[in-house]
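**Q** Just passing along the structure, written as structure tokens.
There are 2 protein chains.
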Amino acid sequence: MFGAARAELDLTTTRAEPQPADLADVRTANLAVVLRHLRAHGPSSRAAIAAATGLTKATVSSLAGDLIGFRLLRETGLSGNRIGRPGTALALDGSAYASIGVQVSSGQLTALAMDYSGERLLLWHRAGAAPSLAADLVALAQRAVSRVRQQGRQVIGLTLAAPSSLTDLPGLRDVSHEELRSLVARSLRQKGLVVTIANQAALAAVAEHRRAGVDLAYVSGAAGLEAGLIVDGRPLRGGRLGRFTLGPAGSPTLADQAGIESLVRRALPDFDPAALADLGPAVEEVAVRARAGDAVTLAALQHTGHYLGQGLALLAELVDPALLVLGDHYATLAEWLIPHLRVRAVSPSALGPHAAALGGAVSHLDQVDTGRVPQPAE
Amino acid sequence: MFGAARAELDLTTTRAEPQPADLADVRTANLAVVLRHLRAHGPSSRAAIAAATGLTKATVSSLAGDLIGFRLLRETGLSGNRIGRPGTALALDGSAYASIGVQVSSGQLTALAMDYSGERLLLWHRAGAAPSLAADLVALAQRAVSRVRQQGRQVIGLTLAAPSSLTDLPGLRDVSHEELRSLVARSLRQKGLVVTIANQAALAAVAEHRRAGVDLAYVSGAAGLEAGLIVDGRPLRGGRLGRFTLGPAGSPTLADQAGIESLVRRALPDFDPAALADLGPAVEEVAVRARAGDAVTLAALQHTGHYLGQGLALLAELVDPALLVLGDHYATLAEWLIPHLRVRAVSPSALGPHAAALGGAVSHLDQVDTGRVPQPAE
Chain A
17 MFGAARAELD LTTTRAEPQP ADLADVRTAN LAVVLRHLRA HGPSSRAAIA
67 AATGLTKATV SSLAGDLIGF RLLRETGLSG NRIGRPGTAL ALDGSAYASI
117 GVQVSSGQLT ALAMDYSGER LLLWHRAGAA PSLAADLVAL AQRAVSRVRQ
167 QGRQVIGLTL AAPSSLTDLP GLRDVSHEEL RSLVARSLRQ KGLVVTIANQ
217 AALAAVAEHR RAGVDLAYVS GAAGLEAGLI VDGRPLRGGR LGRFTLGPAG
267 SPTLADQAGI ESLVRRALPD FDPAALADLG PAVEEVAVRA RAGDAVTLAA
317 LQHTGHYLGQ GLALLAELVD PALLVLGDHY ATLAEWLIPH LRVRAVSPSA
367 LGPHAAALGG AVSHLDQVDT GRVPQPAE
Chain B
17 MFGAARAELD LTTTRAEPQP ADLADVRTAN LAVVLRHLRA HGPSSRAAIA
67 AATGLTKATV SSLAGDLIGF RLLRETGLSG NRIGRPGTAL ALDGSAYASI
117 GVQVSSGQLT ALAMDYSGER LLLWHRAGAA PSLAADLVAL AQRAVSRVRQ
167 QGRQVIGLTL AAPSSLTDLP GLRDVSHEEL RSLVARSLRQ KGLVVTIANQ
217 AALAAVAEHR RAGVDLAYVS GAAGLEAGLI VDGRPLRGGR LGRFTLGPAG
267 SPTLADQAGI ESLVRRALPD FDPAALADLG PAVEEVAVRA RAGDAVTLAA
317 LQHTGHYLGQ GLALLAELVD PALLVLGDHY ATLAEWLIPH LRVRAVSPSA
367 LGPHAAALGG AVSHLDQVDT GRVPQPAE
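These protein sequences, in sequence, are chains A and B. When we follow the working numbering, the leftmost residue of the first sequence carries the number 17, and every step to the right adds one. When we follow the working numbering, the leftmost residue of the second sequence carries the number 17, and every step to the right adds one.
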């Protein structure tokens, strides 16, 4: 079902199967060691990097020279490090490369661009109008790429963050993930710009993992009830946790019991179902009524929390994450859901509703951190 | 819950986080390349290995020299390879090293030893008597190690394959996984012999993966309803899929609906529940009655298949395995379960009820295949 997208997502992982190792692989791994050291510890002298990583000073100097040439590092003023005599420090240089995540969800398109230093360059929201959603998506991607280029960055990747199934997205009902990816890729001709598509919950999990640094499961209510999983630091496929059912044929699914749409219908019985195309305002209204102590709303949240906890317990049992993250709409309602979950180590996402767009952008930048330096645009 | 066991199981995986690469790492990776080539292709000349792996002939010769020194390779007669002039072929040498898996389940202990060439050295079953199960386990492990040593092999590892929870094992009710591992380890003092404990379904999945070579999910009915998962070639924690429930508090779990014990109770209403300590004979009786067309038995199998399919569908959605494997008791009953599963790519395990013991043994041998050569015993 999500095969093409998975192949793309695998770009963010390394293969476990050993390949013939040669000196180029050693250099790639060592470039990654230097980049990750600087990301974790901030500007450092060559001597400090050598002391912390076990590489020789000569190797660090050679690697640094290459990385400065790739415009991934720059020299700053005097180093504050205590190791060795005061000297020039190296810092990550975010000025050359950027990547973009575009989140496709019911009712809204979101584009987020980030440069290699972690600076957010743009965050745009567009209403996703049903008949022209594909065209709107292409236009948004093109405008985002242009804007980032105007800011002097080479765009090395763009990821579409999409639900497992596009069938609930008006205007994309008959389009496959690969067709959507290829539509956007064809509209953005630039050598060295990689266009991928992946599950939105899996990408949100990537963004959370970059922040939290531990294995985690992320649940999203933005498209049914989807889960993204990070195991041993790497994204698994994730997918529609909400499809799970346990009962005779035709029994309610987990999404029927714990999905955001079903929550809104239970919590706001007077709400116009036509307004559910964009869940954001409805979820805000649920929060307002819960805060006011509305009994119907609180009962609906208890119901959702009970069943969501059953789904989270299963993820905890199967993949043993250090952290269970309530994403997007679930994060908005976390204070009323968490008391009913009965699972440990749950916390609401602090990344907001565009976590998947962020994950889409950082998954390309993470590639650079593995030592695979960008290809020149020309 | 299964934290210690998981840490042990992680011995079989490689870390995704890049470490400073040095020439020792390159050599380890290249040793692995040579060993895996020979495991996949059989005896080959140095020239053929070089041609297939991209390593230089000089490098292959040097690696082969080391591996012959470690007694992991031997030279055979003339090579049948077409590449280069006829010469001496290299073959995996299984004569030096072996490892052991000991499967701990309700009613039975199983020990299986295998040498590095893949030859099975022993397969022993012992009835697991309740009051002395821990002592019986230690005695079985000691006898297996002695026997393998008498056969001239150095034992490099022993893995205990246990259920996620030991509470259902009479005689081990108050013992933790780490306590059990340490009990056995203390009784087997030998330098270079690593004793680990891991989930039995996860280990069965390792054994299946060695055979099938693709990502898979394995379901076991030997202890509740457990799942083992292989993703990107590496074992995940796995665990008690059967604990999953979807409904008001107190609703039946997936194990209540699709576990082997509940199947036996439904299929054989006249069966003495006291006889369920060892499920094997009861499962055989279910198969006999199903073959005879007994309506009660067939209805029970349909019920089990329906719910087991719901569990398998969830695994397929979350981790996207290429293969869903019905293990142990489910394999015995596969012909009556599969028609009711409604999932694709299911097949019964061909490894029989001791797949977890096999997985325990091969997980140590797989370590050698990653280039980490055994430590000498003295």
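Where a beta carbon is used, it is the ideal one built from N, C-alpha and C, also for glycine.
1) At the 7 angstroms Cβ level, is A/Thr261 part of the contact set with chain B, yes or no?
2) Would a check of beta-carbon distances place B/Gln326 closer than 7 angstroms to chain A?
3) Where B/Val120 and A/Val302 are concerned, what is the direct C-alpha to C-alpha distance, given to the nearest angstrom?
4) Quick one: what's B/Pro251 bridged to in DSSP?
5) Would you decide whether B/Arg253 is buried or exposed? Buried here means 16 or more other CB atoms lie within 10 Å of its CB.
6) Among the candidates B/Ala68, B/Arg281, B/Thr69, B/Tyr113, whose CA atom is the shortest distance from the CA of B/Ala84?
7) Which of the residues in the stretch 229-249 of chain B, read from start to end, lie with their CB under 8 angstroms from any CB of chain A?
8) Mark A/Arg307 as exposed unless 16 or more other C-beta atoms lie within 10 angstroms of its C-beta, in which case mark it buried.
9) Report the residue from B/Ala373, B/Ala271, B/Val389, B/Arg388 whose alpha carbon sits nearest the alpha carbon of B/Arg136.
10) For B/Arg87, decide whether its Cβ has a neighbour in chain A, counting only Cβ atoms nearer than 7 angstroms.
11) Is the beta carbon of A/Ala243 less than 7 angstroms from the beta carbon of A/Ala217?
12) What does the alpha-carbon distance come out to for the pair A/Leu245 and B/Ala332?
13) To which residues does DSSP link A/Pro364 through a beta bridge?
14) Please list, in chain order, all residues of the same chain as B/Ala316 whose beta carbon is under 7 angstroms from its beta carbon, the five residues on each side excluded.
15) If you check the beta carbons only, do B/Leu182 and B/Leu188 fall under 7 angstroms apart?
16) Excluding the 5 residues flanking B/Arg358 on each side, which residues of the same chain have their C-beta closer than 7 angstroms to its C-beta?
17) Comparing the CB of A/Ala283 with every heavy atom of the ligand ATP, is any distance shorter than 6 angstroms?
18) When the distance is taken between beta carbons, is A/His345 closer than 7 angstroms to A/Ile276?
19) Roughly how many angstroms lie between the CA atoms of A/Val49 and B/Ala67, to the nearest whole one?
20) Under 7 angstroms between C-beta atoms, does A/Gly272 make it to chain B?
21) In the stretch 156-227 of chain B, which residue ranges form an unbroken alpha helix (DSSP H) of at least 4 residues, counting only runs that do not cross its ends?
22) Taking the straight line between their C-alpha atoms, what separation do you get for B/Arg388 and A/Ser192?
23) Determine the direct distance from the alpha carbon of A/Thr72 to that of A/Gly58, and round the result to whole angstroms.
24) In whole angstroms, give me the CA-to-CA distance for B/Gly81 and B/Leu156.
25) Give me the Cα-Cα distance between A/Val384 and B/Gln383, rounded to the nearest whole angstrom.
26) Candidates A/Gly70, A/Ala74, A/Ser60: which alpha carbon is nearest A/Glu91's?
27) For my contact list, B/Leu314 and A/Leu262 are in at a C-beta cut-off of 8 angstroms; report their separation, rounded to the angstrom.
28) A/Tyr132 and A/Gly110 - do their beta-carbons sit closer together than 7 angstroms?
29) From B/Ser267 to B/Leu257, what distance separates their C-alpha atoms?
30) Grouping DSSP H, G and I as helix and E and B as strand, with all else coil, what is B/Thr320?
31) For chain A, check one thing: does any of its Cβ atoms lie closer than 7 angstroms to the Cβ of B/Gly255?
32) Per DSSP, what kind of secondary structure is A/Leu262 in: helix, strand or coil?
33) Taking DSSP as the reference, what is the three-state secondary structure of A/Asp152?
34) List, in chain order, every chain E residue whose beta-carbon is nearer than 7 angstroms to that of A/Leu367.
35) Give me whichever residues DSSP pairs with A/Asp131 in a beta bridge.
36) To the nearest angstrom, how far is it from the Cα of B/Ala311 to the Cα of B/Pro285?
**A** If we stick to the structure as given:
1) yes
2) yes
3) 51 angstroms
4) B/Ile246
5) buried
6) It should be noted that the sequence gives Ile, not Ala, for residue 84 of chain B. That would be B/Tyr113, whose Cα lies nearest to the Cα of B/Ile84.
7) Ala243, Leu245, Val247, Asp248, Gly249
8) exposed
9) B/Ala373
10) no
11) It is a contact, given that the beta carbons lie within the stated cut-off.
12) 14 angstroms
13) A/Leu342
14) Leu279, Arg282, Ala283
15) yes
16) Gly325
17) The ligand ATP is absent from the structure shown, which contains no ligands of any kind.
18) yes
19) 31 angstroms
20) Per the sequence presented here, residue 272 of chain A reads as Asp, with Gly not at that position. It does not; no Cβ of chain B falls within 7 angstroms.
21) 193-203
22) Their Cα atoms are separated by approximately 44 angstroms.
23) Between A/Gly58 and A/Thr72, the C-alpha separation is close to 20 angstroms.
24) 37 angstroms
25) If I take the Cα positions, the gap works out to 29 angstroms.
26) A/Ser60
27) Their Cβ separation, rounded to whole angstroms, is 22 angstroms, which puts B/Leu314 and A/Leu262 out of contact at 8 angstroms.
28) yes
29) 15 angstroms
30) helix
31) yes
32) coil
33) helix
34) This model lacks chain E altogether; the protein chains it does include are A and B.
35) DSSP lists A/Ala114 as partners of A/Asp131.
36) 12 angstroms
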